[in-house]
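Going letter by letter, the sequence shown gives residues -27 to -1, 1 to 876 in mature numbering (1 follows the signal peptide of the UniProt record, and there is no 0).
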Amino acid sequence: MVDPRSTESCWAFSFFLLLSLFASTFQQPSSPPSSPAERAALLELRSSLGLRSRDWPRKVDPCVFWNGIKCENGRVVEINISGFRRTRLGRQNPQFSVQGLANLTLLTTFNASNFLLPGPIPDWFGDRLPALRVLDLRSCSVIGSIPFSIGNLTNLTSLYLARNNLTGILPTSLGQLSRLSVLDLSQNSLTGSIPSSFTNLKNLSLLDMSSNSLLGSIPLGIGTLSGLQVLNLSSNNLSSLIPAQLGDLASLVDLDLSFNSLSGPLPLDLRGLRSLRRMVLGNNFLNGSLPNNLFPTPTRLEFVVLRHNSFSGGLPRILWSAPGLRFLDGSSNNFTGQLPNSSANANATVAVLDISENLFYGGLTPVLRRFSSVDLSGNYFEGGVPDYTPTNASLESNCFQNLRNQRTVSECESFYAERGLRYEPPSSAQPPIAETPKKSNRRRVIILAAVLGGAGLILLLAMLLALVLFCVRKRGNTTQRGVGVGPVPTSSSPPPGVSINYSSVGDAFTYQQLLQATGDFNDSNLIKNGHSGDLFRGVLESGIPVVIKKIDLRAIKKETHLVELDFFSKVSHTRFVPFLGHCLEKENEKFLVYKYLPNGDLSSSLYKKTNTEDGLQSLDWITRLKIALGAAESLSYLHHECNPPLVHRDVQASSILLDDKFEVRLGSLSEVCIQEGDTHQSKITRLLRLPQSSEQGSSGTPTAVCAYDVYCFGKVLLELVTGKLGISASSDAQVKESLDQTLPYISIYDKELVTKIVDPSLIVDEDLLEEVWAMAVVARSCLNPKPSRRPLMRYILKALENPLKVVREENSGSARLRTTSSRGSWNAALFGSWRSSSDVTVIPATPSTKVEGGSGLKHSGTTGSQGSGQNGAGDHSSSYRRHSREIFPEPSSVQDVERPDQD
């Protein structure tokens, strides 16, 4: 008889064997466990970088289970933390802390791109990693200079340091990296000249040092880098000539030297660039003619940009016939001559030609058939426009017959006569008939009488209206507080009769180009539905990422695109969204094209969704203060540097756009208009103001006074301090509720109160808390219900540039705001509103209360939120403030300070 227990044991043992066999079939390939020393080094790295347990779990073998770790024989050879996110604790004080790497002596690859490493590269970095072949630190927020020891990484083949905040000069030791194939130092703040030792990098295939501040000339020995395929030195301050040795780079495919200060003619030796497909030399000081044998025959050129130089003569014939040419931009030069009479490559459909603002002349030829988009404006072409000219061609400012916006007949005749050429003016051109002196004088008298009569009638009506409103105000509720908004503009469009020179406002894109860039405006590329148009992301054929605003004139009555075009035609400042061009060829739809900014706007960047258990990642305080400064700088430019002053009228978090370094580029410019009237209104003007309860006029349109922008900016500052999204975009009722809950905790005498409203995700020390406190104080001053008591943007900018001076007294340890009754000082202009609020009251100066430089101040003692610093209305000793001019110099004119209303 068989024992049932032994049978059960047998079955259990068999099942266990089968399960083990099944598991061994599907388990990962066997790998030696990591060595104890290297495991300890990885754990140290995990701790110092604040990596999450989901990426690097602590209790398992790193060589088998950790993401981004590759081992060979139990030794770590690759680490890839690209795009990883830190833990909440790791985000509190992120640093470039990678000491653990020093013990990984066989490490060949370290990729931390798009991982936050705010700090300098350690000096030991190049001495302790002898096997390193790939170092990728792109977009890591690295600061400081490139350590000299990097040159000791002699096995390095790829060095990526792009899109950081690196400063200082390039170390000559980089020339020791003889095996280097890729060197990308672009988009930093590096200075100095390019070391001549770079010519030792014989294996280099890509050299990108664009968007820095490099000086000097291109090294003469650069032609020895025979394997170089990509050379990008654009957007620096390089000067001198383009060296002839550049023509020795037979493998070069992509050359970009644009936006420098290069001068002189192009060397004839460039014909040695047999592989060149993309050549960008725009925005320099290059000159001279381009010989027909400048480029090799046959040429592989596809993309050529020569714009904004001083080239003369004709374009080389080979450029017109290059079979692969897709883009040719020779605009804004001194090119001259006639178009070649050729129809080669007539089947081309995507080629773009821009030779605007030159000295070309004669008739149009069939060579235009090969281009789908043509800009010939600003030349001296004559005759008719043949059928083979693209329908979207820009032909303004030429000498064509029967076309609008052409040069005058005398201007065209003079140009052709200077060159000994014959010019036949349009047969329909007739000189205007001159008026006789008698008719002209009579018309002037009639016009003058009409103007004077109309002005007298308007003045009479204004006086009557002033009298009526004065009576209404006297009889009205005297406790109602008006905001003094001033007149409300009826339209944001440019003034009638103002013409916009579209050719000077960015590039003219074709509708087909925009369709191609956005995938036919596919919904997957829709960013958001804006109030002035729908925003789509896209990529131009040249590879440039863009944002395209699609404006449907059937849904948006006013032509807001004209406002922006007018703005960009007159205003140029780095604090505004980079404008690339427009497309106006469709009747009911208009398109504006901007540069894509990777960090979106403040409303979407203040918190970003992550894959962490926390769910959201918050902007640190340093970045928030940087954003506030950038926005204040842009508004200060509009209010104080534009003449007449401009009002933005749409200041909110969604209007504050952020580039890859979180620099502000102010957008939403469709509401910009000239300030209505004078900010410092006279008593007669004030009589004409109707009491209103909001920051909008009676028509619901945002007010066109700078004080309105200041009020909206105050709401943005509150968002940065409190982290409460939506304050700047809320309705009046919602804003009032938010302010009622927030403003009582902002006091110029008590720092601790502000901690009750500070964004809980912010990690700030004592000094940073004072900066937060200062910004909150500035925000409260901006939000004064009386527009005339709000500070000017120039003073707001000064305060944000020196936040600690807002809340600290000079030469003392007390953290109190220095107020003064002197209307000439910057802080009086900034904080005059506090002296008329419930917590500070102006009292007449008496012999016992007079202080140096102004009248005495006292606390009312009625607001409980002012903290222990207040001793009641009867104790004045602690509430006086010494007048000082040490924070900022006095304004040049008392009129620069907005004075309080005389209630």
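Where a beta carbon is used, it is the ideal one built from N, C-alpha and C, also for glycine.
Where S497 falls, given that 16 or more other Cβ within 10 Å makes a residue buried: Counting Cβ neighbours within 10 Å, S497 comes out exposed, since fewer than 16 surround it.
Whole-Å CB distance - F276 paired with R290, under 8 Å assumed: Not quite, the Cβ-Cβ distance comes to about 18 Å (not below 8 Å), so this is no contact.
Bounding residues of the alpha helix (DSSP H) (the contiguous stretch that carries V325): Premise fails: V325 lies in the beta strand (DSSP E), A324 to D327, not in any alpha helix (DSSP H).
Top-ranked residue by Cα proximity to S367, from D480, S199 and G427: D480
Span separating the alpha-carbon of S285 from that of A85: 48 Å
Classification of G237 by the beta-carbon crowding that lies within 10 angstroms, buried from 16 upward: It is exposed - the Cβ of G237 has fewer than 16 other Cβ atoms within 10 Å.
Per DSSP, cross-strand counterpart(s) of A481: Beta-bridge pairing links A481 to H555.
Other residues of its chain near N256: CB distance less than 6 Å, five sequence neighbours each side excluded: S231, F232 and H281
Under the three-state DSSP convention, the category K759 falls into: coil
Beta-bridge partners of D507, as assigned by DSSP: N502 and K523
Length of the line joining the Cα atoms of S787 and S607: Any reading at S787 needs caution, since the residue's pLDDT is 34, under 50, leaving its predicted position unreliable; the model's value is listed next. Approximately 33 Å, taken between the alpha carbons.
Every unbroken beta strand (DSSP E) inside the region 104 to 181 [3 residues or more]: 107 to 109, 131 to 133, 155 to 157 and 179 to 181
Cβ-based neighbour list, F57, same chain, cut-off 7 Å, excluding 5 preceding and 5 following: Hits under 7 Å: L24, D28 and F88.
G335, DSSP secondary structure in three states: In the structure shown, G335 sits in a strand (DSSP, three-state: E or B).
One or two residues paired with D302 in a DSSP bridge: According to DSSP, D302 shares a beta bridge with V278 and D327.
Option nearest A680 by Cα separation, candidates I167, S754, S734 and R273: S754
Beta-carbon gap between R273 and R244 smaller than 8 Å: no
The region 566 to 577 contacting the region 28 to 40, beta-carbon criterion three pairs below 8 Å: The region 28 to 40 and the region 566 to 577 do not touch, with fewer than three beta-carbon pairs separated by less than 8 Å.
Alpha-carbon spacing of L312 relative to L288, whole angstroms: 9 Å
Alpha carbon of L267 to alpha carbon of C556, nearest angstrom: 35 Å
Residues near L602 in its chain [Cβ-Cβ closer than 7 Å; skip 5 each side]: L773 and E774.
Supposed close pair P359, S346 - CB separation, criterion 8 Å: Incorrect: roughly 17 Å between the Cβ atoms, too far for contact.
V637 beta carbon less than 8 Å from that of L619: no
Residue from L206, F388 and Q379 whose Cα sits closest to the Cα of G310: A check of alpha carbon separations from G310 across L206, F388 and Q379 identifies F388 as the nearest.
Contacting residues, own chain, Cβ-Cβ under 7 Å from M(-27) (five flanking each side not counted): Residue placement at M(-27) cannot be trusted, given a pLDDT of 48 that sits under 50; the coordinates are not used to answer.
Short Cβ contact (8 Å threshold) for S178 with Q202: Yes. Within cutoff.
C-alpha gap between L18 and V71, whole angstroms: 6 Å
Opening and closing residue of the alpha helix (DSSP H) in which F57 lies: Segment: none, F57 is in no alpha helix (DSSP H) and carries neither H nor E.
Range of the contiguous beta strand (DSSP E) that encloses Y353: Y353 to G356
Pairwise C-alpha distance: L712 and S703: 11 Å
Nonlocal neighbours in the same chain, by C-beta distance under 6 Å from L138, ignoring five residues either side: For clarity, residue 138 is Asn in the given sequence; the question names Leu instead. Same-chain partners within the cutoff: I116.
Cβ contact (3+ pairs, closer than 8 Å) linking the region 541 to 549 and the region 593 to 601: no
First through last residue of the beta strand (DSSP E) which encompasses I629: Boundaries of the beta strand (DSSP E) around I629: I629 to L631.
I84 (DSSP reduced to helix, strand or coil): Going by the sequence as given, residue 84 is Asn instead of Ile. Correct three-state label for N84: strand.
Other residues of its chain near A217: CB distance less than 6 Å, five sequence neighbours each side excluded: P240 and D242
Buried versus exposed, by CB contacts within 10 Å (16 or more), M252: By the 10 Å Cβ count, M252 comes out buried.
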